[in-house]
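Chemist:
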Amino acid sequence: MNGPRARAIAVAATIALALSTTACSDDDPASATPTLEMWTFKRTHVAALQEVATAFKTKTGITVNIQAFTPDDVFTAKIQSAAQTKDLPDVLELHAGGEDMRVGGAGLLADLAGDFAGPGLDRFLTTTRQAGLVTEERKAKTEELKDAKVGTLYSVPFTAGTFGIVYGNREKMQAAGLNPDSPPKTWEQFLSYLQATTKVDAKQGGLSLGLKVSQTGFNWIYEQLAFAYLGEARFQALFAKDGQRFAAPDAVKTLELYSQLTPYWIPGVSALGIDEADVAFAQGKSAFNVGGTFTMAFLAQNGMTPEKMVTFPIPPPAGGKVSDLRLAALALTGLSVTSTTKDKAAAVKWVDFLSSAEGAAIFAKSSLDLPATDLGAQAQALLGPKLAALQQYFTGPKESTYDAANRSFRPPDYDEVPVGTALLKLSPLKEAGAAATGAQLDSVIAAMWVKK
Amino acid sequence: MSTNQRRRQWVTGYAFVAPAVALFLVMGLYTIGYSFTLSFAKWNGFTEHWQWVGLDNYLDLLFSDPRRAPEVHNAAGHTAVTMVAVPLGTVVVALPLAVLLNSIRRLRAVLRSIFFLPYVTTGIAVYYAWRYVLEPDGAINLMLRSLGLGSLSRPQGFLADPATALPTLLVIMIWGSVPIAMLLYLSGLQAIDPQIVEAAQVDGAGAVRTLRHITWPLLVPITAAVVLLGMRDTMQGFQTFLLMTNGGPGGHTDVLGLRTYHLAFFQSLSPTLGLASALGWLILLAALALTVLNARLLRAQR
Numbered sequence: 196m197n198g199p200r201a202r203a204i205a206v207a208a209t210i211a212l213a214l215s216t217t218a219c220s221d222d223d224p225a226s227a228t229p230t231l232e233m234w235t236f237k238r239t240h241v242a243a244l245q246e247v248a249t250a251f252k253t254k255t256g257i258t259v260n261i262q263a264f265t266p267d268d269v270f271t272a273k274i275q276s277a278a279q280t281k282d283l284p285d286v287l288e289l290h291a292g293g294e295d296m297r298v299g300g301a302g303l304l305a306d307l308a309g310d311f312a313g314p315g316l317d318r319f320l321t322t323t324r325q326a327g328l329v330t331e332e333r334k335a336k337t338e339e340l341k342d343a344k345v346g347t348l349y350s351v352p353f354t355a356g357t358f359g360i361v362y363g364n365r366e367k368m369q370a371a372g373l374n375p376d377s378p379p380k381t382w383e384q385f386l387s388y389l390q391a392t393t394k395v396d397a398k399q400g401g402l403s404l405g406l407k408v409s410q411t412g413f414n415w416i417y418e419q420l421a422f423a424y425l426g427e428a429r430f431q432a433l434f435a436k437d438g439q440r441f442a443a444p445d446a447v448k449t450l451e452l453y454s455q456l457t458p459y460w461i462p463g464v465s466a467l468g469i470d471e472a473d474v475a476f477a478q479g480k481s482a483f484n485v486g487g488t489f490t491m492a493f494l495a496q497n498g499m500t501p502e503k504m505v506t507f508p509i510p511p512p513a514g515g516k517v518s519d520l521r522l523a524a525l526a527l528t529g530l531s532v533t534s535t536t537k538d539k540a541a542a543v544k545w546v547d548f549l550s551s552a553e554g555a556a557i558f559a560k561s562s563l564d565l566p567a568t569d570l571g572a573q574a575q576a577l578l579g580p581k582l583a584a585l586q587q588y589f590t591g592p593k594e595s596t597y598d599a600a601n602r603s604f605r606p607p608d609y610d611e612v613p614v615g616t617a618l619l620k621l622s623p624l625k626e627a628g629a630a631a632t633g634a635q636l637d638s639v640i641a642a643m644w645v646k647k
Numbered sequence: 008m009s010t011n012q013r014r015r016q017w018v019t020g021y022a023f024v025a026p027a028v029a030l031f032l033v034m035g036l037y038t039i040g041y042s043f044t045l046s047f048a049k050w051n052g053f054t055e056h057w058q059w060v061g062l063d064n065y066l067d068l069l070f071s072d073p074r075r076a077p078e079v080h081n082a083a084g085h086t087a088v089t090m091v092a093v094p095l096g097t098v099v100v101a102l103p104l105a106v107l108l109n110s111i112r113r114l115r116a117v118l119r120s121i122f123f124l125p126y127v128t129t130g131i132a133v134y135y136a137w138r139y140v141l142e143p144d145g146a147i148n149l150m151l152r153s154l155g156l157g158s159l160s161r162p163q164g165f166l167a168d169p170a171t172a173l174p175t176l177l178v179i180m181i182w183g184s185v186p187i188a189m190l191l192y193l194s195g196l197q198a199i200d201p202q203i204v205e206a207a208q209v210d211g212a213g214a215v216r217t218l219r220h221i222t223w224p225l226l227v228p229i230t231a232a233v234v235l236l237g238m239r240d241t242m243q244g245f246q247t248f249l250l251m252t253n254g255g256p257g258g259h260t261d262v263l264g265l266r267t268y269h270l271a272f273f274q275s276l277s278p279t280l281g282l283a284s285a286l287g288w289l290i291l292l293a294a295l296a297l298t299v300l301n302a303r304l305l306r307a308q309r
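From first to last, the protein sequence lines are chains A and B.
Just so you know, we're using the working numbering here: the first sequence kicks off at 196 and counts up by one.
Just so you know, we're using the working numbering here: the second sequence kicks off at 8 and counts up by one.
Here it is as structure tokens:
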């Protein structure tokens, strides 16, 4: 066989082999199974989601690739650019009750009502079920929903929880002569605990909170405190269009209560981001830290395991309207299927599995984050006693339950940043007194009502 | 040259220029036009249609929205302070440094490299390093306390204290911009004819007088460049503010560039991209006005 002829045969054989390989791969059932892409803005969820995805693949053969984009501004920019280039993933984890409505209102999310509405939502904690639903009230308040149909379901709840959870360092409490197994029952007692821990260690015995994000003080401490002191109706009236708002004497009293924290913040607290404050607590730079139920997962990842901590909600002040404060669980994040997905059935199947008792259990155990799926009796075994114990504060009479998800009494497009900044100037910055802060908050709230 | 040859040269010339022109049209003119158009609309980056609002975005930012306007005014005040302090501080530090470096013979190259370090190291990592240095238990407070100057230390750290947050950022920005200004001044000094300086010295002029009446006037064009670059950087740049304080504490270090960024990306996907664009254009207008004013003032000094 001469050279050119041999080369020609070799080339022909290679082409034939390649073609046959391609033909084989077309018939290969493994390559025919769909692959889904999911984006989240929470890096702490990635490992847990991957674990659920592994179980999902075993059951269905569908692969799910999880990607996290953080911080929030990066995630926002990623969604904006992907929406422009029609390159969105199949499934998104979004902030519930806000972002999902805006993205859904833009036509980027599929309506899941046919797949989950009604009995399909019964698996979730009661207070979270409506989080992704377009209601008349949401339609009236959210500009992007003007063309949306009431009853459309843009997301199903994924994680739940609440703000206003205090984490205490057991070791530091013991060093200050406090009993960690007897957490403070009132605001005044909490202040006395802080006084004790800062007396032992002035620099590393105080309270940490990510006040660089100025609204954390308002959302995670002040609102719960004011709700407990004023009661539900009066608390809601603070945000009303007219009438007695923050400058009223009883509201100023709540601001004075909040400002009692001033001596107990750890040094430099107003320059700490949320994660930095949590890390400071995990590193023993503070005795107490305020966050949400979701904070426990992050603290555990940073070495502060649940057994080293005590947890309790912001305690109500003595003499207030609510003496047994409860914190309603709200949907913190939701799962949405994009309208551009090429395989909606597979994406819905993934969301269904992830929010099922089985999927949520895997997620909860791995992430130490509370799923919105009601885990029932197995909650304690999966979440550990500390996080499961927090669930006792989720239920109670309506008048004693602070519900952060209830936005109905707030101005349209309520902006948390300016109210947070005003409170920051009261404490820890000490740039304004309680009365001046009340007046400033009134002017901020009034401005929100003026501009729609 | 024949007509055909001339045409071929003409085509070749334009063919070489075409990629650059196309790139400018797409990356420059298109984005500028897009941003200008967007400043008259409400949009969150992904809805199908923009909602046209005319001049509302501009008016809201300037005075008519009681929520946005005070924030913009606050940020504008800090931006103005930064725009004056950083270029001024840069000139005040860089010029004497350059004169000193120019006057020595030994170790000039070594010292020049040392002074140039902040420029080559400025970046995200350095900003984080500064944050550690400026913390309540950071190196600066420790140094002040160990030198017996504890009264000057800041118990809350330099970035969490409203009184020191902005001045501290200004110092860091000056620190980052001195090297390039110093290099520019050094090149300017080396271009001055030594005979002029010698003539002044023969006439009895001392070092300060020589600097004031000979060197400074000859360096005015470089000063103009340093000041203009500084003003441009401080008006548009906000990375130092974003990374070190994010506008805090309590809005004490908020600047217009950072406000624009917040309006674009920190509004929970609200339709505020138009507002962000409008603020960007307002910054540009202010920058143009200040640049013209500054150029005229410096020209008058020549």
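We treat Cβ as the ideally placed atom computed from N, Cα and C, and that holds for glycine.
None of these values were measured; they are calculated from a predicted model.
Provide the residue span of the alpha helix (DSSP H) that contains A:Glu-611, from first to last.
Modeler: Position 416 of the first sequence, counted from the first residue, corresponds to residue 611 of chain A. Its alpha helix (DSSP H) spans residues 611-621.
Chemist: Which residue's Cα is closest to the Cα of B:Pro-125: B:Pro-256, B:Met-189, B:Phe-273?
Modeler: The residue you call residue 125 of chain B lines up with position 118 of the second sequence. B:Pro-125 has its Cα closest to that of B:Met-189, out of B:Pro-256, B:Met-189, B:Phe-273.
Chemist: For A:Glu-331, I'd like the list of residues in its chain whose CB is within less than 7 Å of its CB, leaving aside the five on either flank, ordered along the chain.
Modeler: For this step, residue 331 of chain A is matched to residue 136 along the first sequence. Only Val-345 meet the Cβ criterion.
Chemist: Could you spell out where the beta strand (DSSP E) holding A:His-290 opens and where it closes?
Modeler: In the first sequence, counting from the first residue as 1, residue 290 of chain A sits at position 95. 286-290 is the extent of the beta strand (DSSP E) around A:His-290.
Chemist: Could you tell me whether the Cβ atoms of A:Tyr-453 and A:Leu-420 are closer together than 9 Å?
Modeler: In the first sequence, residue 453 of chain A corresponds to position 258, counting from 1. In the first sequence, residue 420 of chain A corresponds to position 225, counting from 1. Their beta carbons are under 9 Å apart, which means A:Tyr-453 touches A:Leu-420 by this criterion.
Chemist: Indicate whether B:Thr-260 and B:Leu-176 have their beta-carbon atoms separated by less than 9 Å.
Modeler: As a position in the second sequence, residue 260 of chain B is number 253, starting the count at 1. As a position in the second sequence, residue 176 of chain B is number 169, starting the count at 1. Contact flag set, yes.
Chemist: Shorter than 9 Å from the beta carbon of A:Gln-587 to some beta carbon of chain B?
Modeler: Within the first sequence, the letter at position 392 stands for residue 587 of chain A. No, because no Cβ of chain B sits closer than 9 Å to the Cβ of A:Gln-587.
Chemist: Short check: CB of B:Leu-102 to CB of B:Leu-235, under 9 Å?
Modeler: In the second sequence, the residue the question calls residue 102 of chain B occupies position 95. In the second sequence, the residue the question calls residue 235 of chain B occupies position 228. Cβ atoms of B:Leu-102 and B:Leu-235: not closer than 9 Å.
Chemist: Quick one: what's got a C-beta closer than 7 Å to A:Gln-439's C-beta in the same chain, skipping five residues either side?
Modeler: Counting from 1 along the first sequence, the entry for residue 439 of chain A is found at position 244. Excluding sequence neighbours, A:Gln-439 sits near Ala-432.
Chemist: Can you tell me whether DSSP reads B:Gln-16 as helix, strand or coil?
Modeler: Position 9 of the second sequence, counted from the start, is the residue given in the question as residue 16 of chain B. Here B:Gln-16 sits in helix by DSSP.
Chemist: In whole angstroms, what is the alpha-carbon distance linking A:Met-643 and B:Val-117?
Modeler: In the first sequence, residue 643 of chain A corresponds to position 448, counting from 1. In the second sequence, residue 117 of chain B corresponds to position 110, counting from 1. Between A:Met-643 and B:Val-117, the C-alpha separation is close to 58 Å.
Chemist: According to the neighbour-count rule (16 or more other Cβ atoms, all chains shown, within 10 Å of its Cβ), is B:Gly-155 buried or exposed?
Modeler: Within the second sequence, numbered from 1, the residue matching residue 155 of chain B stands at position 148. When all chains shown are included, B:Gly-155 counts as exposed.
Chemist: Among A:Asp-285, A:Phe-236, A:Ala-272, whose alpha-carbon lies nearest the alpha-carbon of A:Val-259?
Modeler: One-based indexing of the first sequence puts residue 259 of chain A at position 64. Measuring from the Cα of A:Val-259, the nearest candidate turns out to be A:Asp-285.
Chemist: Secondary structure at B:Ala-48, three-state DSSP: helix, strand or coil?
Modeler: Here the question's residue 48 of chain B lines up with position 41 in the second sequence. Three-state DSSP puts B:Ala-48 in a strand.
Chemist: Are the beta-carbon atoms belonging to B:Gly-264 and B:Ile-229 less than 9 Å from one another?
Modeler: Translated into the one-based positions of the second sequence, residue 264 of chain B becomes position 257. Translated into the one-based positions of the second sequence, residue 229 of chain B becomes position 222. No.
Chemist: Among B:Asn-51, B:Phe-53, B:Pro-73, which has the Cα closest to the Cα of A:Ile-640?
Modeler: Counting from 1 along the first sequence, the entry for residue 640 of chain A is found at position 445. Considering only alpha carbons, the answer is B:Pro-73.
Chemist: Can the beta-carbon of A:Ser-551 be found closer than 9 Å to that of A:Thr-568?
Modeler: As a working note, residue 551 of chain A is residue 356 in the first sequence. As a working note, residue 568 of chain A is residue 373 in the first sequence. It is a contact, given that the beta carbons lie within the stated cut-off.
Chemist: DSSP has A:Ala-466 in a bridge; who is on the other side?
Modeler: Here residue 466 of chain A refers to the residue found at position 271 of the first sequence. According to DSSP, A:Ala-466 bridges with nothing at all.
Chemist: Please go through the same chain and pick out, in chain order, the residues whose beta-carbon is closer than 8 Å to the beta-carbon of B:Leu-68, but skip the five residues on each side of it.
Modeler: Along the second sequence, read from residue 1 onward, the residue named residue 68 of chain B stands at position 61. Taken in chain order, the residues that qualify are Arg-75, Ala-76, Val-79, Leu-282, Ala-285, Leu-286, Leu-289.
Chemist: Quick one: complete alpha helix (DSSP H) runs, 4+ long, within the segment 294-371 of chain A?
Modeler: For the segment 294-371 of chain A, whole alpha helix (DSSP H) runs of length 4 or above, ordered along the chain, are 294-300, 308-311, 331-336, 365-370.
Chemist: Please list the residues of the segment 272-283 of chain B that have a C-beta atom closer than 9 Å to any C-beta atom in chain A, keeping them in chain order.
Modeler: Result list: Phe-272, Phe-273, Gln-274, Ser-275, Leu-276, Ser-277, Pro-278, Leu-280.
Chemist: Taking C-beta pairs closer than 8 Å, name the residues in chain A that B:Phe-53 reaches, listed in chain order.
Modeler: Taking the second sequence and counting its residues from 1, one reaches residue 53 of chain B at position 46. By Cβ distance, chain A contributes Ile-274, Gln-275, Ala-278, Gln-279, Val-298, Ala-301, Leu-303.
Chemist: Select from the segment 165-186 of chain B all residues with a C-beta closer than 7 Å to any C-beta belonging to chain A, and list them in chain order.
Modeler: Under the 7 Å Cβ criterion, the segment 165-186 of chain B contributes Leu-166, Ala-167, Pro-169.
Chemist: Just to confirm my understanding: we take A:Lys-252, look at its own chain, exclude 5 residues before and 5 after, and list those with CB closer than 8 Å. What are they?
Modeler: Mapped onto the first sequence, residue 252 of chain A falls at position 57. Contacts found: Thr-258, Val-259.
Chemist: How many angstroms separate the CA atom of A:Leu-389 from the CA atom of A:Ser-638?
Modeler: By 1-based counting over the first sequence, the position of residue 389 of chain A is 194. By 1-based counting over the first sequence, the position of residue 638 of chain A is 443. For A:Leu-389 and A:Ser-638, the distance between alpha carbons rounds to 32 Å.
Chemist: If you measure beta-carbon to beta-carbon, which residues of the segment 549-571 of chain A are closer than 9 Å to chain E?
Modeler: No chain E appears in this structure, whose protein chains are A and B.
Chemist: What does B:Arg-74 touch in chain A if you count any residue whose Cβ is under 7 Å from its own?
Modeler: Here residue 74 of chain B refers to the residue found at position 67 of the second sequence. Simply Asp-610, Pro-613, Ala-642, Met-643, Lys-646.
Chemist: List the residues of chain A that B:Gly-84 touches, going by C-beta distances under 7 Å, in chain order.
Modeler: Residue 84 of chain B sits at position 77 when you count from the first residue of the second sequence. Going along chain A, no residue has its Cβ under 7 Å from B:Gly-84, so there is no contact; the nearest lies around 15 Å.
Chemist: Looking at the C-beta of A:Val-639, does it have a partner C-beta in chain B at a distance below 9 Å?
Modeler: Sequence index remark: in the first sequence, residue 639 of chain A carries index 444 (1-based). So, interface residue.
Chemist: Of the residues A:Asp-538, A:Asn-601, A:Leu-520, A:Met-499, which one's Cα is nearest the Cα of A:Glu-366?
Modeler: The sequence position of residue 366 of chain A within the first sequence is 171, counting from 1. The candidate whose alpha carbon is nearest that of A:Glu-366 is A:Met-499.
Chemist: Quick one: any contact between the segment 601-617 of chain A and the segment 350-359 of chain A, if contact means 3 or more CB pairs under 8 Å?
Modeler: They do not touch, by the three-pair rule.
Chemist: Determine the contact status of A:Leu-289 and A:Gly-529, defining contact as a CB-CB distance below 9 Å.
Modeler: In the first sequence, the residue the question calls residue 289 of chain A occupies position 94. In the first sequence, the residue the question calls residue 529 of chain A occupies position 334. Going by C-beta atoms, A:Leu-289 is nearer than 9 Å to A:Gly-529.
Chemist: Taking just the CA atoms, how far does A:Val-408 sit from B:Ala-294?
Modeler: In the second sequence, residue 294 of chain B corresponds to position 287, counting from 1. In the first sequence, residue 408 of chain A corresponds to position 213, counting from 1. Straight-line Cα distance between these residues: approximately 29 Å.
Chemist: Measure the C-alpha to C-alpha separation of B:Leu-159 and B:Phe-165 and round it to an integer number of angstroms.
Modeler: Translated into positions along the second sequence, residue 159 of chain B becomes position 152. Translated into positions along the second sequence, residue 165 of chain B becomes position 158. Their Cα atoms are separated by approximately 11 Å.
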